[in-house]
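Beneath this line is the structure, given in C-alpha cells, with notes to follow.
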Amino acid sequence: MTPRTINSGRSCLECRRRKIRCDRSFPCSYCIHTKIRCAYPPPETGRRPAAQGNRDLQNQIDHLERRLLALEQVVSTTRDLLQTPSNLSDSDTLQIDHGVLGHHDSPSELTSRPRQPQFRSVLQVLREADDRPLNSTRHEPTLTIRLWQTYLEFVDPLLKIFHTPTVQRYVVDSMANEGTLDVSRRCLLFAIYYSAIVIVPARSCHNVFGAHKTSLLERYRNQLEKAFAEANILRSQDLTLLQAFVLYLTTGRRDERGPDVSVFIGPVIDIAYAIGLHRDGADVNLPPFDVEMRRRLWWHIVTLDVRIAEDSSTEPRTSLLSFNTKMPSNTNDICLDPHMGNTAVCQSGKTEMSFSLIRFTVTEFALRSLFSKQLRTAADCETLDCQRRLKELDQLKEGLELRYLSCCDENIPFDFVVAESTRLVLAKIRLYLRRPPLTEHNTVRPFVPNYWKECVDILGHAYSLRRYEKGAKWLWLFQTYVEWDALAYLLIYLCFNGCAGGAESAWKTAEDVYHHWREDPDVYRDRRWKQIEALWLEAQSGRKRDHMVSRQSHLCGPGQNPGFTDAPNNLSCPDQPAYMRRLNHTSSTTNGKPEDFRCERNYQPSDSHLTNTAPTGDTSLGIPQQLLTGAEDVPTSGTRCEWSALLFERYFNVLDKNSDVLSTSI
C-alpha cells in the first residue's frame, strides 16, 4: 500500500466543500472512507514583485488626478453657490413649477421640463465686493449719457436683447432720480454701464469716461453684483432681471475678473424655463410686445448656451425638442410699443434685428445638425452623414444670403462686418464638417484634398476682418473666437510641408494669426493655446532645418545628397528633430491594419538613393515602404515619413477629440 503524504496547512477540495476537518493526508481519511477521489488545490505561487509602473500609464493617472482635483474645486464652488431654498411658500412653489404658461397645454413633442431655480443667491460672494449702500453711488448725468451712447453704438447693434426706446426712458429717469427705480431696472442699467466699459479699449477708456478702465470695471462690476444680490436674482422670475443677467454674462466674457459663464449658464436656463420662455408666448395669447421680448431673450440664452458648449466641449443644455419658442420678428424697435395690440409685422430686408436673427439661425442649425447625438454615426455612415450636413449648410447659406446678406451695403462698415462675419462662420462650419475624421481603429486620416488651403483662406479672412478699422467698434464680439481647428491643422501641415509649393502664403497667414493671438492676454487662459504654441515651435524647427538642407544641397551640387549617408540601409539626417526621432520606432502597415498618416518631407534626396536602395525594416528615419497616393495635399517629391503621434495628439487636444464642437457663434 502506498504511504499517504501530508499536505501542510491545506484541506482537500471535498473537505473544504463540506466544511469538515481534514487530516490533510493524501488521500485524506474522509475521501478514503467515502471512496471519493481526493484532490487538493494547486499550491500558491509566490507573490510577484511589484512591476515598475508604465510611464505613459502613470502620466495618464497623474492627468486624471489633476482633472479630478480641478473638478472637485468646481463642484465645491458650485455647492457654495447653489442650494435648495427652504423658505418658499406654497404659492411660490406652484408658480415656479408651472411657470407663466404652466396651466396651458403644450405641443406633444415638447419635453416637459419644469425647473426650479433651486439655488441660494449666487451673490453671497458678490455681496462681499462692496459694502457701500447701493444708492450712494450716483452717476453724473454726463457720465450716464456717455455710457448709454457707448452702449447704443458698440453693443446694441450686436445684442438686441431688449426694447431700446423703453430702456432709454429708464436711463432718463435714473438721471432725474435714481432712487425711484426698482431693483430690476437698476440691475439692467448697471449691466448696460458695465457692458459699455468692458468693450471699450483700455487706451480709449480714459479719454471717453475720464477714468482708467480697471477702476471703472471694478466699480460697475461691484455695483451690478450688489444689485443682483439685492434682487436675489436666482429666485426671481422677473424678465428685466434676466435680461440684465444675460447681458452681464455675454459681455462679461471679455472681463478677466468677470463672471464664470460656464457656472451661471445652468441657473440662467433654469430661470428661463421657470418663467416659461421655452414656450412661445403667442400660443397663450400674451401681449404682442411681451411675445417679442420673450423671444429675443430666449434665443440669446440659447445662443449663449451653444457658445459655452463649444468652449467647454460639451453638449448644450437646450435642445430643439425642449422648446417651441419662435424666433423674434425681423423688425425695428421703432415699430414696437409696450401697449401695441397687433402682432409685430416682419419686415423684408435689413433691420436692427438682422444680425441677431442671423446668429439665432446659425444657432438653430448647430443644435439641429452639429450637436445632435443621433448624427454621431459609425465610421461607415460618416461620409453619407457629412454629405447630408454639407447640403443642409448650403441651404442655410443660400437662405441667409437671400434674406439678409443681399440687403447689406458693404460700403457701410456695420453691414460689411455683418456680411463678412456671417460668411466666415459658415466657412468655419464647412471646414469643421470636412475635417479629418477618426477611423474605426481610432486613428486619423488627416489628408483631405485642399483642406489646408481652406484653413489658409479662413484664417486669412478672419485676420483681415479683425484688422478692419472702420468696423473696430463691433469686432469685440469676435475677439474671443479663435479658429483653433484651422490654425492647428495648418501648423501640422507646415511641420511636414514647410517648403512645399504654396507654403509661403501658408506661412505668412500662420505667422500673422499666431502673433495676433499671442498679443491677446485672454488667449493664455485657454488650455488649447499651449498646444498651438507647441505646434508652432515644431513647425519653426522643421522650417529652419529645411532651409539648412536646401542650402547644403545647393552647395553640394545636383549629384550629391548632403542630407543622407551613402549607406543604403542607414539613411540619416543631421539635426533630426525630436518628433522625427520618435518616428524611428514606427513602421508601415502590418497585418492588414490601416496605415498611419504620412506626408512628404521636403528633404529632396537624389533619385539614385531612392531607386537603388531597398531598405528592409525600419531605417533611421522610419521611412515606410508604401507610397501615399490620392492625396492632393502631399507633394510628389521627397522622402516619406510617418506622422508624429505626438503632433496629432496636440492637434486633437486643440479640437478635443471626444466631442463634435466648433466655433459656430458669431
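Be aware that the sequence shown starts at -2, since it is given in my numbering, and climbs by one per residue.
Note that CB positions come from ideal geometry on N, CA and C, so glycine has one too.
Remember, predicted model here, so these are calculated numbers, not experimental data.
Exercise. Return helix, strand or coil for Phe667, following the three-state DSSP convention.
Key: Residue 667 falls outside the range modelled here, since the chain spans only -2 to 663, and no answer is possible.
Quiz item: Can you name, in chain order, every residue of its own chain whose Cβ lies under 8 Å from the Cβ of Leu472, other than the five neighbours on each side?
Solution: The residues are Val414, Leu462, Arg463 and Tyr465.
Quiz item: In the structure shown, what three-state DSSP assignment does Arg13 receive?
Solution: In the three-state reduction of the DSSP assignment, Arg13 falls in the helix class.
Quiz item: For Pro138, is the classification buried or exposed, using 16 other Cβ atoms within 10 angstroms of its Cβ as the cut-off for buried?
Solution: Burial call: exposed.
Quiz prompt | Contact check, Glu535 vs Cys492, beta carbons under 9 Å | solution = Contact flag set, yes.
Practice problem: Could you check if Gln528 is buried or exposed, using at least 16 other CB atoms within 10 Å of its CB as the buried criterion? | Solution: The residue in question, Gln528, is buried, as its Cβ has 16 or more Cβ neighbours within 10 Å.
Quiz item: Among residues of its own chain, excluding the 5 on either side of Ser309, which ones have a beta-carbon nearer than 8 Å to its beta-carbon?
Solution: The residues are Ser259.
Practice problem: Compute the Euclidean distance between the alpha carbons of Asp487 and Ala503, then round it to the nearest angstrom. | Solution: As written in the sequence, residue 487 is Leu, which differs from the Asp given in the question. Leu487 and Ala503: Cα-Cα distance of roughly 8 Å.
Practice problem: With a 10 Å radius around its C-beta and 16 neighbouring C-beta atoms as the bar for buried, classify Ser8 as buried or exposed. | Solution: Buried, by the Cβ-count rule.
Quiz item: In angstroms, rounded to a whole number, what distance separates the CA positions of Ser201 and Tyr521?
Solution: A direct Cα-Cα distance of roughly 24 Å separates Ser201 from Tyr521.
Quiz prompt | Inter-stretch contact (C-beta, 8 Å, three-pair minimum) for the region 244 to 260 and the region 204 to 220 | solution = Touching, per the Cβ criterion.
Quiz item: Could you give the distance in angstroms between the alpha-carbon of Arg385 and the alpha-carbon of Leu61?
Solution: Taking the CA atoms as reference points, Arg385 sits about 37 Å from Leu61.
Self-check item: Alpha-carbon to alpha-carbon, Trp526 and Pro518
Solution: Distance between Pro518 and Trp526, taken at the CA atoms: about 11 Å.
Practice problem: Taking Ser418 as the reference, give the member of Asp382, Ile455, Arg400 and Leu185 with the closest Cα. | Solution: The option with the nearest alpha carbon to Ser418 is Ile455.
Practice problem: Can you grab the Cα-Cα spacing for the pair Leu156 / Ile305, in whole Å? | Solution: Distance between the alpha carbons of Leu156 and Ile305: 17 Å.
Exercise. Indicate the three-state DSSP secondary structure (helix, strand or coil) for Gln573 in the structure shown.
Key: Residue placement at Gln573 is poorly supported in this model, since its pLDDT is 36, which falls under 50; the coordinates still yield a value, given next. Gln573: coil per DSSP, three-state reduction.
Quiz item: How far does the alpha helix (DSSP H) with Asp482 in it reach, from first residue to last?
Solution: Trp481 to Asn494 is the span of the alpha helix (DSSP H), which, as asked, contains Asp482.
Quiz prompt | Length-filtered (3 minimum) beta strand (DSSP E) runs lying within the region 382 to 457 | solution = Within the region 382 to 457, there are no complete beta strand (DSSP E) runs of at least 3 residues.
Self-check item: Same chain only: Cβ atoms within 7 Å of Val479, ignoring 5 sequence neighbours per side
Solution: For Val479, where only same-chain residues beyond five positions count, the Cβ hits under 7 Å are Trp514 and Val520.
Quiz prompt | Leu532, buried or exposed, once every other Cβ within 10 Å from all chains shown has been counted against 16 | solution = Residue burial annotation: Leu532 is buried, with at least 16 other C-beta atoms found within 10 angstroms of its C-beta.
Self-check item: Buried versus exposed, by CB contacts within 10 Å (16 or more), Cys343
Solution: Here Cys343 is exposed. Its C-beta has fewer than 16 other C-beta atoms within 10 Å.
Self-check item: C-alpha distance - Glu361 paired with Gly338, whole-angstrom precision
Solution: Distance between Glu361 and Gly338, taken at the CA atoms: about 29 Å.
Self-check item: Whole-Å CB distance - Thr147 paired with Ser171, under 8 Å assumed
Solution: Not confirmed; about 16 Å, so no contact.
Practice problem: Would you mind working out which of Arg293, Asn219 and Asn329 sits nearest Ser345, comparing C-alpha positions? | Solution: Out of Arg293, Asn219 and Asn329, Asn329 has the C-alpha closest to the C-alpha of Ser345.
Quiz item: What are the boundary residues of the alpha helix (DSSP H) that includes His512?
Solution: Ala500 to Arg515 is the span of the alpha helix (DSSP H), which, as asked, contains His512.
Self-check item: DSSP three-state assignment for Ile142, whether helix, strand or coil
Solution: Correct three-state label for Ile142: helix.
Quiz prompt | When His336, Pro313, Val299 and Ile331 are compared against Lys323, the one with the closest alpha-carbon | solution = Its Cα nearest to that of Lys323, the residue Val299 stands out among His336, Pro313, Val299 and Ile331.
Quiz item: How long is the line joining the alpha carbons of Arg427 and Leu390, rounded to whole angstroms?
Solution: Annotation: Arg427 to Leu390 spans about 7 Å, alpha carbon to alpha carbon.
Practice problem: For Thr541, count neighbouring Cβ atoms within 10 angstroms of its own Cβ and tell me buried if that reaches 16, exposed if not. | Solution: One point to set straight first is that residue 541 is Lys, not Thr, in the sequence displayed. Flag for Lys541 reads exposed.
Quiz prompt | Distance, Ala193 Cα to Phe206 Cα | solution = For Phe206 and Ala193, the distance between alpha carbons rounds to 10 Å.
Quiz item: Rounded to a whole number of angstroms, what is the C-alpha to C-alpha distance between Val422 and Asn408?
Solution: C-alpha separation (whole angstroms): 21 Å.
Quiz item: Is it right to say Asp406 is buried, meaning 16 or more other beta carbons lie within 10 angstroms of its own, or is it exposed?
Solution: Exposed: under 16 other Cβ atoms inside 10 Å.
Exercise. Output the boundary residues of the alpha helix (DSSP H) element that contains Thr328.
Key: Neither: Thr328 is in no alpha helix (DSSP H) and is coded neither H nor E.
Self-check item: Buried versus exposed call for Thr340 [16 or more other C-beta atoms within 10 Å across all chains shown]
Solution: If you draw a 10 Å sphere on the C-beta of Thr340, you find fewer than 16 other C-beta atoms in it, and that means exposed.
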